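Student: The following block contains the structure, expressed as C-alpha cells.
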Amino acid sequence: MLVHEDRLFPSDPSSRAIARNLYASVKDLPIVSPHGHTDPRWYAENEAFPDPATLFVVPDHYISRMLYSQGIRLEDLGIAPRNGAATAPDPRAVWRLFASHYHLYRGTPTRLWLDHTFATVFGFSERLSAQNADAYYDRIDAALRTPEFRPRALFERFGIEVIATTESPLDPLKHHDTIRKSGWSGRVITAYRPDPVIDPDFEGFRDNLVRFGELTGCDTASWNGYLEAHRQRRAFFRDHGATSTDHGHPSARTMDLSKADAEALFRRVSTDAASPADAELFRAQMLTEMAAMSVEDGMVMQIHPGSFRNHNADLFRTFGRDMGGDIPTRTEYVNALKPLLDRFGNNSNLSIILFTLDETAYSRELAPLAGHYPALKLGPAWWFFDAPEGMRRFRELTTETAGFYNTVGFNDDTRAYLSIPARHDMARRVDCAFLANLVTSHRLEEDEAHEVAHDLAYRLAKEAYKL
Amino acid sequence: MLVHEDRLFPSDPSSRAIARNLYASVKDLPIVSPHGHTDPRWYAENEAFPDPATLFVVPDHYISRMLYSQGIRLEDLGIAPRNGAATAPDPRAVWRLFASHYHLYRGTPTRLWLDHTFATVFGFSERLSAQNADAYYDRIDAALRTPEFRPRALFERFGIEVIATTESPLDPLKHHDTIRKSGWSGRVITAYRPDPVIDPDFEGFRDNLVRFGELTGCDTASWNGYLEAHRQRRAFFRDHGATSTDHGHPSARTMDLSKADAEALFRRVSTDAASPADAELFRAQMLTEMAAMSVEDGMVMQIHPGSFRNHNADLFRTFGRDMGGDIPTRTEYVNALKPLLDRFGNNSNLSIILFTLDETAYSRELAPLAGHYPALKLGPAWWFFDAPEGMRRFRELTTETAGFYNTVGFNDDTRAYLSIPARHDMARRVDCAFLANLVTSHRLEEDEAHEVAHDLAYRLAKEAYKL
Amino acid sequence: MLVHEDRLFPSDPSSRAIARNLYASVKDLPIVSPHGHTDPRWYAENEAFPDPATLFVVPDHYISRMLYSQGIRLEDLGIAPRNGAATAPDPRAVWRLFASHYHLYRGTPTRLWLDHTFATVFGFSERLSAQNADAYYDRIDAALRTPEFRPRALFERFGIEVIATTESPLDPLKHHDTIRKSGWSGRVITAYRPDPVIDPDFEGFRDNLVRFGELTGCDTASWNGYLEAHRQRRAFFRDHGATSTDHGHPSARTMDLSKADAEALFRRVSTDAASPADAELFRAQMLTEMAAMSVEDGMVMQIHPGSFRNHNADLFRTFGRDMGGDIPTRTEYVNALKPLLDRFGNNSNLSIILFTLDETAYSRELAPLAGHYPALKLGPAWWFFDAPEGMRRFRELTTETAGFYNTVGFNDDTRAYLSIPARHDMARRVDCAFLANLVTSHRLEEDEAHEVAHDLAYRLAKEAYKL
C-alpha cells in the first residue's frame, strides 16, 4: 500500500484511535492556501502540464538538490544552464534517473508528498522504482493529457477554497486579470512580495526601481515617490485579491530612522552600489515602512528571514537563482524586531506573521514574542521544517508559551501544485497526532482537541490572512 | 474530570504503569521550594486573599501576557497604569473576561496549573468557561473568606517543608522577622538578590547605593566599603534563614579584574552614568565577587541570565516592570563563565546553580560544564520552560552528559502561591515519566528509578540548597 | 539482568517488534570502525591489559569527568599530575571508589557501555556497586591475564573488520609497521591528524614544524616545503592504510587566500608567536589546502570543530591535555565553509565528513549543506551526543533534509577499546528504533527499513571511508 490510512499517527493504540477521530473530522475540510508559489498562468491558461519529468522533477528543488548532493548533474535532470547551450535530455530519461534514485528520499517529506500524489491523484499502489519507472511515466503522461488533469480541474478536485500566489510589485498581474475575467469560480489571489524593489542586493535592483517608477508614474528616485509607488502597487495588488505582503530578507532586522536619515539612506542605495551595511539597513527600514502601510491598508505582513540565498556560487553562475543552494542561517529576532515593535508591536489591528529557518528561535524568541505582542503571530514550520518531525518540533517548542491561537494554521508555500493536497494532509495528520498525545496525557480534553484540530486545519488560516 | 490521575504519564501502557508506581512513591513528599517569589507579608500577616481576580489574574504574567497577545488591554484585566489614573475594573468583570478566554491556554502549563488548583484546592470538576465563570467566582470568593484559605493554613495543607522568598539587600526583612517571632511553625526563609545594588542599569541604582550605605553603615562610595556592605547584608540575610543568593543578569558574563581595575570600574559606575560596556563589566565582576563571598560564607549562588527585561517599551512606560514583556535571548556560557571558573570552578565547597532561557545551551554548554566542574550544578527548566515539554527537553538534553546528580531538583520560582502544589506535582510527574521511559527501554532498572525519583522530588533540592 | 535484549527499543509493542526484526538482521554484522583513538601499540605488542582500574577508569574521560564533577580528586582515580610527584593509588582502591559512585552514571551512555561490556565480555549479571566491587575486580583482573583477553583475541572476538587509529604526521607509525609485519590478519589502519603541525596554538607548534621538516627532508620553513611535507606524510600514511584525514579545529572556518597571502601568513605563524587572528586564519587556510590535497590523493576529510580545549586552566596546568575539560561551543558552518565550498563543494570525488558539538547546526546548517553539496557528508552524533538521545536527535534533525544517504554510518571515536562492541551495538539499536518508528507511522516500508538498517550499520561506513 503506497499510503496507509494511519500514516503519521502515534503508534500507541489509544493515541492512534484519538488521532484517527480528530483527523476524520478535518480531513475533508477545504484547502486554504494563504501563501505559496504556484504559477498563476496555470489557472489563467488552464493548459495541460507537459510531462511527468517536467511536472515533478525539473522545478522541484527538494528533488533536485537531493540528487545533486549525490553527484547527479543538474543538466541530466533537465535543468537548463543560463547560457542555454545544453540540449535538454529526454523527459523519460530524466524520469528514469529520478526513479532509480527514489531510495534517496527515504525518511524525507518529499517521499511522503510524492507517494501521496502518486496514490491519490494517479491511482498508483506500488512504490516507484527503476523497474516500474516506465509504467509510472506512461500512466502519468497519459493522465496529464486528459481534461481532468488540467489545472482548474485539479483545483476543484483538490478542494481548494482559495490559493494565494506571490508576485513582484513589477508584475502586471495579467494572469490574475485573465482568471478573474474568465468567469471560472476558483479563487486565486496574489500577494505582494516587494524584495526586488526593496533589497539593494537583489539582481537588477536599480533597474527595478526605474521600472517601479514607470509602472506607477511615481518619482522613484525620491524617497517620497518611492514610498508612494509602494502604496499604489499595494492598492493594485489588493484589487487583485491580495490580503498579504511577504518579505524574504537575510535577517529579521528592522529599523526606525528619522525621515531625513531614511531619505539619505534611500539616496545611497538607489544611486551608488550600496555597501552591505547600507543594504541591510535599508531592508530593515523598509520592514518598518511596510508595517506602517499595513497599519493603513490592513494587509497582513509575512516575514521569511534567514536564508543565505545562492550559497553555491558556481551553481548560481551557471544556472541562476533558486537552484537548491539556499542555506538557512542563525537568525535573531528579539533585538532585530525591536525598532518595528516599538512603533507598532502593541497595535492589535496589525498582523505580522513570523517564520524561521532557525528552530532555536521557536522556544527562545518567537513563542515568547508572539505570546506577548498583539501584532505578532507565528507562521507554521517553514521550508526544510515543513515535514513531520519539523512540524512536531514547531508545536512542541511553541505551544507551551504561545498557545495555539497565536499561530496561523498551515501554509504549503509550494510551487509543486500537485503536492498541495499531500502537504495539507500531512499538516493535518501531524497536528492531530500532536493533539492526540495531549489528550492521551490528559493535558487537553477530547472535545477541545476537536475544536483545535478544526482551527489549525481551516479557521486560523482564514482569519489570520483575512480570507 | 478536571485533573486525571494519569496526566503527563507516557501513553504506552507498560511505561505508564511504571510511571504510576514511581509517582505513587513521591507524590506525597513534602514540598521543598528553594527559590521563588511569594510575598513574605502573606505568611507574616496571614490575611485573607482579596478575591479570585486579584488572586489569580492580576499578578500572573503567564495569564495576562497571553490575553494581551490576543488584543485584550491590561487595564481591563485590573492592572493599574503607573499614573494610577484609571479606575480599576470590577474583579468579577476581570474574572469573566479571563474565563471567556480560557481556551487560549490550551496546551500551556498555565492551563494545567489552574485546573489542578481549581480541582484540588477548590473542588471544581468542570472546566472553567464563560458559562460557569460566575459559579467559579462565587465559590472561590467564598472559600477565600474562610480560615482554611488563609496563607498559613494553605502552607500547611500544601505540605510545604520550607519555602524561600527573594529579597533585595535594601529590604529590612520585617516580614521575615514577624514570621519568626509569631511562633508559627512554617519555615519561610529569604534569599539574597542583589541586582538593585549590582546592576548599574537597574532603576535607581545610584540611589540604591546610598541606601545600601545607610543600611549598613558602610562607605558604599568606596569599593571596599561597598563589598563590606554586601558582606554585612549577606550575614543579615543568613540570620533570616537565607542559604542562597540569586543573580538575574542579561548575560552570564563574569570577569576577574585586578583590585585596582575593579575599584576604578566601581568609581565609574557609581558616580557617572555608566556606559553599557561598563555596566556589563561591573555585573560580570560582581558575579566573581559574589562567588568569592560564597566561598567564605557558604551561600549557594544562583545565576538566572539571558532575559531581555522590559522589551515592550510602551508597556514599560505605562505600567512599569514585570508586565510580561521580558523576552529570552541567546546566552553564551563557555566563554562567559571562564573568568569565574578559573578562580573558583574547582572548588567543590562552592555551589553555583546555572539556569537558562536558551535551551540550545543545555546539551552544548551547560551539561558539559556541570558534568565537569565541581562548583557547577544545573537548575531546573526555567520560566517559559517550566512546562511538560520544557522539562522533558531539559532531562533529554542534560542527563546523558551531566547525569541526574549534577542537577538540583525542582524550583517553582513563582509568585502564584496557590499554584505551588500544581507546579511541584507537574515536575514530579514529568520526571517519573522520563524515568519510566528509561526503565521501559532498559536504560535503568526500576529500583534505581525509584531512588532517582525520590532524589529529584526531594533530596537534591534540600542538599543543593543546604536546607 | 544487566543488559536486556530489548534495550533501547521503542516501548510500543508494534514498534518494538519491528525494531527487533531490524536489529536481528544487523546485530552480527562485522564492526567497521573508521575513526577512533585506540592505541596501535596494543595490536602491535598484544600484551595483557594491566588491571581493571587502569583499563576502565584511568584513561576514560567520560568516567573521570563525572566523578570529578562530584568532588572526587583526579589523583584518587590514579591520574598522575604532570610533575609526577604523587604516588599512584592502589588500582583496587581506584576501582572501589569508582564502584561506590556507579549511581552517578544513571541515564548516561557510560553506564550502558559499561554494563554491556561487563555482561558480554566478562559475563557479569549483577550491577556494579560498592558491595560487589571486589568481586568485579577479581574476576576482571583474572580474565585480563588470560590469552583470550589480549588485544588481538578481543579484536577477533569483537568481530572487527577494520579499525582506524589516529596519528600525528610526526608519528613514525612503528606500531602499524609491526602489526603489518607480524602476519596477524587484523586490519588496523592509521588516519592523518595534522593538528600538531597545522594549529599554531598547539603546544610545541614551532618545534613540531622543525621535526616535520626533519622527518620529510622538506624545507618546512617555506610555504612550498611545508605543503610538500604534508603531501609526503599523507602518502606515508596512505602506505599504512590511511584513507582519511581528521581536523580538530576550534571553529569550522575555512579560507582561500592567494598564494602570496598564504605564504605571508605562513611566515608569520611559523616564526613569530602568531596572533589569535592569524592562528585562526591559518587553520582556516589549511582546511582548504587539505581539501586540495584530498582532491589529488583521494583521502576522505573529517572536520571535528567546535571544542574549547582545556577549558579548565588549573587542570590543564596540573595534569595536561585531555582531562575532561573540553567544552563544546557554538559553531557556525554556512559562512565558515563557504571559501572551501566555493573551490571544491561541487566536486563529487571529494568527500568531506562534517561533525558537530553544536546540535543547533543539524537542522539549520548541516543537513541543508549536506543535502545539497556533492562534496559534503554528515558524520554521526559525536562525543557528548554519542548516546541514545543524542543519536535520536541526530536522525530526527537531519533525515528529513539530508536523508540517510548523505550520512556515513557510525564512528565509535573511542580510546576505550573494550567499549567498542557496546558502542556499535548502541548505534545499531537506536537506528533500528528510529527506523521502526518510521515504519509504524507508515513513513517507510519494512523492506526498505531493513535495507537502511544494513546501510547504517555497515555499508555506508565502508563506502564513505573507502574501506
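Chains as they are written, first to last, in our numbering: chain A, 1 to 467; chain B, 468 to 934; chain C, 935 to 1401. Just so you know, even glycine gets a beta-carbon here, dropped at the ideal spot from N, CA and C. It should be emphasised that the depicted structure is a prediction, and the values quoted were computed from it without experimental measurement.
Using 8 Å as the limit for Cβ to Cβ distance, is Thr329/A near chain C?
Tutor: With 8 Å as the cut-off, Thr329/A counts as an interface residue toward chain C.
Student: Strictly under 8 Å for the Cβ-Cβ distance: is Gly1279/C near chain A by that measure?
Tutor: So, interface residue.
Student: Rounded to whole angstroms, how far is the Cβ of Ala780/B from the Cβ of Asp239/A, which I believe are closer than 8 Å?
Tutor: About 37 Å; that fails the 8 Å criterion.
Student: Please work out which residues of its chain come closer than 8 Å, Cβ to Cβ, to Thr1263/C, disregarding the five sequence neighbours upstream and downstream, and give them in chain order.
Tutor: So the list reads Pro1184, Gly1240, Ser1241, Phe1242, Leu1291 and Asp1292, once near-sequence residues are dropped.
Student: Which one or two residues does DSSP pair with Thr245/A in a beta bridge?
Tutor: Answer is Tyr192/A and Met301/A, bridged to Thr245/A.
Student: Of all the residues that make up the region 54-84 of chain A, which are near chain C by a beta-carbon distance shorter than 7 Å?
Tutor: Under the 7 Å Cβ criterion, the region 54-84 of chain A contributes Arg65, Met66, Tyr68, Ser69, Gln70 and Gly71.
Student: Closer than 6 Å by C-beta to Gly1343/C: which residues in its own chain qualify, once you throw out the five before and the five after it? Chain order, please.
Tutor: So the qualifying residues of the chain are Leu1390, Leu1394 and Ala1395.
Student: Assuming Glu799/B is part of the beta strand (DSSP E), what are its boundary residues?
Tutor: That residue, Glu799/B, is in no beta strand (DSSP E); it is neither H nor E in DSSP.
Student: List, in chain order, every chain B residue whose beta-carbon is nearer than 7 Å to that of His101/A.
Tutor: Within 7 Å Cβ-Cβ: nothing; His101/A doesn't reach chain B, min ~34 Å.
Student: Ser478/B versus chain A: which residues are under 8 Å apart at the beta carbon?
Tutor: What Ser478/B touches in chain A: Pro10, Asp12, Ser14, Ser15, Asn437, Thr440 and Ser441.
Student: Since Val1055/C is in the alpha helix (DSSP H), which residue starts that stretch and which ends it?
Tutor: Taken as a continuous stretch (DSSP letters only), the alpha helix (DSSP H) holding Val1055/C covers Pro1043 to Phe1056.
Student: Measure the beta-carbon distance from Thr587/B to Pro888/B and round it to whole angstroms, keeping in mind my assumption that it falls under 8 Å.
Tutor: Sure, about 7 Å apart at Cβ, within 8 Å.
Student: Quick one: any contact between the region 72-80 of chain A and the region 346-356 of chain A, if contact means 3 or more CB pairs under 8 Å?
Tutor: No, they do not touch.
Student: What is the rounded straight-line gap between the Cα of Val1364/C and the Cα of Ser998/C?
Tutor: Using only the alpha carbons, I get a separation of about 26 Å.
Student: Roughly how many angstroms separate the alpha carbons of His247/A and Met299/A, rounded to a whole number?
Tutor: In a straight line, the C-alpha of His247/A is about 13 Å away from that of Met299/A.
Student: Using the Cβ count rule (16 or more neighbours within 10 Å means buried), how would you classify Ser711/B?
Tutor: Classification for Ser711/B: buried.
Student: Do Ser482/B and Ser15/A come within 8 Å of each other at the CB atom, strictly closer than that value?
Tutor: No; because the gap between Cβ atoms is not below 8 Å, this pair is not in contact.
Student: Around the C-beta of Glu756/B, are 16 or more other C-beta atoms found within 10 angstroms, so that it is buried, or is it exposed?
Tutor: It counts as buried.
Student: Throw me the rounded Cβ distance for the Leu732/B and Asp723/B pair, which I believe falls under 8 Å.
Tutor: About 12 Å; that fails the 8 Å criterion.
Student: Give the residues of chain B in contact with Asp1135/C, contact being defined as C-beta atoms less than 8 Å apart.
Tutor: Ordered by position in chain B, no residue passes the 8 Å Cβ test against Asp1135/C, which lies about 15 Å from the chain.
Student: Please name the residue, chosen from Asn1281/C, Gly1279/C, Thr1265/C and Pro1314/C, that lies closest to Ala1294/C on a Cα-to-Cα basis.
Tutor: Note that residue 1294/C is Thr in the sequence shown, not Ala. Looking at the Cα atoms, Thr1265/C is the closest of the given residues.
Student: Could you tell me which chain A residues have their CB closer than 7 Å to the CB of Asp780/B, listed as they occur along the chain?
Tutor: In the sequence as presented, Asp is not what sits at residue 780/B; that position holds Ala. Simply Asp342.
Student: Sorted by chain position, which residues of the same chain lie with C-beta nearer than 8 Å to Gly225/A's C-beta, five sequence neighbours on each side aside?
Tutor: Gly213, Cys218 and Asp219.
Student: Might you give, ordered along the chain, the residues of its own chain that have their beta carbon closer than 6 Å to the beta carbon of Cys899/B, omitting 5 neighbours on each side?
Tutor: Ala486, Leu489, Tyr490 and Ala920.
Student: If you draw a straight line from the alpha carbon of Lys377/A to that of Thr190/A, how long is it in whole angstroms?
Tutor: In a straight line, the C-alpha of Lys377/A is about 21 Å away from that of Thr190/A.
Student: Which chain C residues sit within Cβ distance under 8 Å of Ala453/A?
Tutor: Going along chain C, no residue has its Cβ under 8 Å from Ala453/A, so there is no contact; the nearest lies around 18 Å.
Student: What does DSSP give as the partner residue(s) for Val966/C in the beta ladder?
Tutor: Note: Val966/C sits in a beta bridge opposite Val1096/C.
Student: When DSSP labels each residue in this structure, what does Ile820/B get in the three-state scheme?
Tutor: Strand.
Student: Mark Gln752/B as exposed unless 16 or more other C-beta atoms lie within 10 angstroms of its C-beta, in which case mark it buried.
Tutor: By the 10 Å Cβ count, Gln752/B comes out buried.
Student: For Ala515/B versus Arg617/B, is the C-beta spacing smaller than 8 Å?
Tutor: A contact, by the Cβ cut-off of 8 Å.
Student: For Ala444/A, go through chain B and note every residue whose CB falls closer than 9 Å to its CB, in chain order.
Tutor: Looking at the sequence provided, one finds Leu at residue 444/A rather than Ala. Here the neighbours are Arg573, Gly574 and Arg578.
Student: Along the region 816-829 of chain B, what residues have a CB closer than 8 Å to any CB found in chain C?
Tutor: Under the 8 Å Cβ criterion, the region 816-829 of chain B contributes Thr827.
Student: Note down, in chain order, each residue of its chain lying with its Cβ closer than 7 Å to the Cβ of Ile607/B, except the 5 sequence neighbours on either side.
Tutor: Counting only Cβ-Cβ distances below 7 Å, and skipping sequence neighbours, we find Pro519 and Phe589.
Student: With respect to the alpha helix (DSSP H) encompassing Lys648/B, which residues constitute its N-terminal and C-terminal limits?
Tutor: It spans Lys641 to Lys648 - the alpha helix (DSSP H) in which Lys648/B sits, taken as one unbroken run.
Student: Can a CB atom of chain C be found closer than 8 Å to the CB of Asp6/A?
Tutor: So yes, Asp6/A belongs to the interface.
Student: Just mark Pro1309/C as buried or exposed, buried being the case when its beta carbon has 16 or more other beta carbons within 10 Å.
Tutor: Reading the sequence as shown, one finds Ala at residue 1309/C and not Pro. Buried, by the Cβ-count rule.
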